[in-house]
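Line by line, the protein sequences give chains A and B. With numbering that gives the first Met the number 0 applied, the first sequence corresponds to residues 0 to 288, in that order. With numbering that gives the first Met the number 0 applied, the second sequence corresponds to residues 0 to 288, in that order. Quick reminder that beta carbons are idealized off the backbone N, C-alpha and C, glycines included. Note sheet for the following structure.
Number of protein chains: 2
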Amino acid sequence: MAASLSRTPGNAPKPIRTLKALRQTIRGCRSDGETIALVPTMGALHDGHLALVRLAKTKADRAVVSIYVNPKQFAPHEDFGRYPRDEAGDRAKLATAGADFVWLPDTALMYPDAFATRIVAEGAALGLETDFRPHFFGGVTTVVAKLFNQVTPDFAIFGEKDFQQLAVIRQMVRDLDMPLSIVGAPTTRERDGLALSSRNAYLSAAERAIAPTLNRAIREAAARAKSGQRPDGAAAAAAATIGAAGFASVDYVAIRDAATLGPYATGRPGRVLAAAWLGKTRLIDNVKI
Amino acid sequence: MAASLSRTPGNAPKPIRTLKALRQTIRGCRSDGETIALVPTMGALHDGHLALVRLAKTKADRAVVSIYVNPKQFAPHEDFGRYPRDEAGDRAKLATAGADFVWLPDTALMYPDAFATRIVAEGAALGLETDFRPHFFGGVTTVVAKLFNQVTPDFAIFGEKDFQQLAVIRQMVRDLDMPLSIVGAPTTRERDGLALSSRNAYLSAAERAIAPTLNRAIREAAARAKSGQRPDGAAAAAAATIGAAGFASVDYVAIRDAATLGPYATGRPGRVLAAAWLGKTRLIDNVKI
């Protein structure tokens, strides 16, 4: 453990690989009176993640970034096996963003033999992603609860890019009285509006040229909903735009209440959320109304 | 809040009724360097609970006793409505056992509108109680996780009386990496062997006279299993003894591995667990092999 801590050069965040070392590190921070913010990630870090880390450092003295590609939030047919992994590259990027520690649990630690407990979310977890990835939020809530209990942060930072996930995690924290604050961070985008995503790496050049239509279409839907057009009509128009641009299929375009993800009422904070397939890559995005 | 804290006389534990006051109290203990043990109860306290509180005080500087009759661990046909409640009596008893704080959440605090998260346990939760009370452990794990997140104790004390519950909670804490230690406490018994239980108050004098047969029968089964008799035979003999004594029905008598609640192997730590109805009262008990 001491060896793994001491081989870190310069400003690079310290890698931590055992729960014992993690708890020792956190205890050390606490005894120095430091606060802690956690940024949970699946690695394959991009500027969107680094923005979360920089936000973490404005909230707390120490930023812990976890990197774990969680098998329980992928279905068997999904891209768990080919999900991009680059630990060395990730750590180099994290050094530039000011992360203090990188928490790198492995699956033997996360899901030991006889693992038999899971957290089930309803409410904000119903519909949208769950209609297409029914296993997803069960995997997310369980692994996020574990990360919270491992790191015991004061704050945890999640991107608005995964807006329903953020809502489900806020709901879990409130429902289970978890002793931390959830901070939502705005989505980082390419100049043409495409939301940064580790899965953008899957896109061909032709697909990459089409991809920004997703964001453009939901921004139009947000404007229509704000101006009083009925949500179903505004959503359908956006879906048609996405399909016409060359996306293979649209999982959903939905206009919802921003807090509950229930029905949208004009004048209340709303959100347009969408998921669509560009070739074999599934992209999601959302914008506020 | 200050008012509710200041009206406590002498040695009686301070009642706490809001999450804000609880967190403030816990922060105060922490800033004094004190450790905390939680004893979760449903009130109707008896000497068994008080033994848990005294054990808590040997483990930590401060003992917090929670009292909450959790509706989610009762089915509609069960005894939630008539479950005994006596807050004033409970607080007086707790004063004698050295409890420092009594946490008294209400259902509006525990299960606010739009509550939508639950913890599901398999593994140790399968079979036994779950075969007869399928809702039970989902209610227990969720409320216990909330209590842990509210109180953030270093230790939580649970009686071995509810042996499967203790196993399920240990499993949850391990699976979700909850940052506390679970302490199991031996069952407190009447002189004739009957395990103390708030539900013993339901028994008629005639039923009370029959009740100790439950413990006697499972002690006999433990002796038989230890001497090498096959578990099914030893369990069946115990069930027959319980039935012959005048119990209305036997839900189960089972001989299991003490750690996993899986199949028992001679020579390993084992447990005999039983549940049976005496009139309209359901009694449970267990003993080690």
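State yes or no: is the C-beta of residue 290(B) within less than 8 angstroms of the C-beta of residue 143(B)? Chain B is shown only over 0 to 288; residue 290(B) falls outside these bounds and no answer can be derived.
Spatial neighbours of residue 191(B) within its chain, please: CB distance less than 6 angstroms, with the 5 preceding and 5 following residues excluded, ordered by chain position. Here residue 191(B) corresponds to residue number 192 of the second sequence, with the count starting at 1. Excluding sequence neighbours, residue 191(B) sits near 211.
Can you confirm whether residue 131(A), when its beta carbon is compared against all beta carbons of chain B, has any partner nearer than 8 angstroms? In the first sequence, the residue the question calls residue 131(A) occupies position 132. Among the CB atoms of chain B, none fall inside 8 angstroms of the CB of residue 131(A).
Beta-ladder partner(s) of residue 78(A), from DSSP: For the purposes of this step, residue 78(A) is taken as residue 79 along the first sequence, with counting starting at 1. Beta-bridge pairing links residue 78(A) to no other residue.
Using 10 angstroms around the beta-carbon of residue 284(B), count the other beta-carbons present and answer buried if the total reaches 16, otherwise exposed. Locating residue 284(B) in the second sequence gives position 285, where the first residue counts as 1. So residue 284(B) ends up on the buried side.
Where residue 122(B) meets chain A, residues with beta-carbon distance less than 7 angstroms: Mapped onto the second sequence, residue 122(B) falls at position 123. Contacts between residue 122(B) and chain A, judged by CB atoms closer than 7 angstroms, involve 113 and 115 in chain order.
When the Cβ atoms of the region 200–209 of chain B are set against those of the region 220–232 of chain B, are three or more pairs found closer than 8 angstroms? These segments do not touch.
With a threshold of 7 angstroms (Cβ to nearest heavy atom), would residue 116(A) be considered close to the ligand ZN? Among the components modelled here there is no ligand, and therefore nothing to report on the ligand ZN.
Span of the alpha helix (DSSP H), counted from its first residue to its last, around residue 214(A): Looking up residue 214(A) in the first sequence gives position 215. Unbroken alpha helix (DSSP H) run through residue 214(A): 212–225.
Name the residue from 113(B), 74(B), 137(B) and 102(B) whose alpha carbon lies nearest to the alpha carbon of residue 173(A). Against the first sequence, residue 173(A) aligns to sequence position 174. Comparing Cα positions, the closest option is 113(B).
Looking at C-alpha atoms only, which residue of 176(A), 52(A), 15(A) and 132(A) is the closest neighbour of residue 185(A)? As a first step, residue 185(A) is located in the first sequence; it is residue number 186 there, counting from the start. If we check each option's Cα against that of residue 185(A), 52(A) comes out closest.
Contact set between residue 178(B) and chain A, taken where Cβ atoms lie within less than 7 angstroms: For the purposes of this step, residue 178(B) is identified with residue 179 of the second sequence, where counting begins at 1. The contacting residues are 148 and 151.
Residue range of the beta strand (DSSP E) that includes residue 39(B): Counted from its first residue, the second sequence places residue 39(B) at position 40. Per DSSP, residue 39(B) belongs to the beta strand (DSSP E) from 35–40.
Does the region 100–114 of chain A come close enough to the region 88–107 of chain B that 3 or more CB-CB pairs lie under 8 angstroms? Flag = no, the region 88–107 of chain B and the region 100–114 of chain A do not touch.
Given a limit of 8 angstroms on CB to CB distance, which residues of the region 250–277 of chain B reach chain A? Those would be 259, in chain order.
Compute the Euclidean distance between the alpha carbons of residue 272(A) and residue 170(B), then round it to the nearest angstrom. Taking the first sequence and counting its residues from 1, one reaches residue 272(A) at position 273. Taking the second sequence and counting its residues from 1, one reaches residue 170(B) at position 171. C-alpha separation (whole angstroms): 37 angstroms.
Outcome for residue 140(A) when other beta-carbon atoms lying within 10 angstroms are tallied against a minimum of 16: To locate residue 140(A), count along the first sequence from 1; it is residue 141. Buried: at least 16 other Cβ atoms inside 10 Å.
Does the Cβ-Cβ distance between residue 83(A) and residue 197(A) come in under 8 angstroms? On the first sequence, position 84 is the one that residue 83(A) refers to. On the first sequence, position 198 is the one that residue 197(A) refers to. Cβ atoms of residue 83(A) and residue 197(A): closer than 8 angstroms.
When you compare each of 92(A), 105(A) and 49(A) to residue 16(A) by their alpha carbons, which one comes out closest? Walking along the first sequence from the start, residue 16(A) turns up at place 17. Comparing Cα positions, the closest option is 105(A).
Using a Cβ cut-off of 7 angstroms, pull out every chain B residue sitting near residue 144(A), in sequence order please. Counted from its first residue, the first sequence places residue 144(A) at position 145. For residue 144(A), the chain B residues whose Cβ falls inside 7 angstroms of its Cβ are 175, in order along the chain.
Residues within the region 9–25 of chain B neighbouring chain A, beta-carbon criterion of under 8 angstroms: When C-beta distances to chain A are compared with 8 angstroms, the residues of the region 9–25 of chain B below that value are 18 and 22, in chain order.
Just mark residue 255(A) as buried or exposed, buried being the case when its beta carbon has 16 or more other beta carbons within 10 Å. In the first sequence, residue 255(A) corresponds to position 256, counting from 1. Buried, because 16 or more other Cβ atoms sit within 10 Å of the Cβ of residue 255(A).
Which term fits residue 87(B), buried or exposed, when burial requires 16 or more other beta carbons within 10 angstroms of its beta carbon? The residue labelled residue 87(B) in the question sits at position 88 within the second sequence. Taking all protein chains in view, the Cβ of residue 87(B) is surrounded by fewer than 16 other Cβ atoms within 10 Å, so the residue is classified as exposed.
Interface residues of chain A facing residue 66(B) [CB-CB closer than 7 angstroms]: Position 67 of the second sequence holds residue 66(B). Chain A residues near residue 66(B): none, gap ~17 angstroms exceeds 7 angstroms.
Let me make sure I understand the geometry here. Which of 148(B), 153(B) and 120(B) has the alpha-carbon closest to that of residue 168(B)? Here residue 168(B) is taken as the residue at index 169 of the second sequence, counted from 1. Selected option, being the one with the closest Cα: 120(B).
In the DSSP assignment, what residue or residues form a beta bridge with residue 251(A)? The residue you call residue 251(A) lines up with position 252 of the first sequence. In DSSP, residue 251(A) forms a bridge with 274(A).
Buried or exposed for residue 32(B), please, with buried defined as at least 16 other CB atoms from any protein chain shown within 10 angstroms of its CB. Residue 32(B) sits at position 33 when you count from the first residue of the second sequence. Looking at its Cβ environment, which holds fewer than 16 other Cβ atoms inside 10 Å, residue 32(B) is exposed.
Pair within 8 angstroms by beta-carbon distance, residue 42(B) and residue 158(B): Here residue 42(B) corresponds to residue number 43 of the second sequence, with the count starting at 1. Here residue 158(B) corresponds to residue number 159 of the second sequence, with the count starting at 1. Residue 158(B) sits away from residue 42(B), with the two beta carbons spaced by 8 angstroms or more.
What did DSSP end up calling residue 68(B) once you bin it into helix, strand or coil? Position 69 of the second sequence, counted from the start, is the residue given in the question as residue 68(B). Coil, per DSSP.
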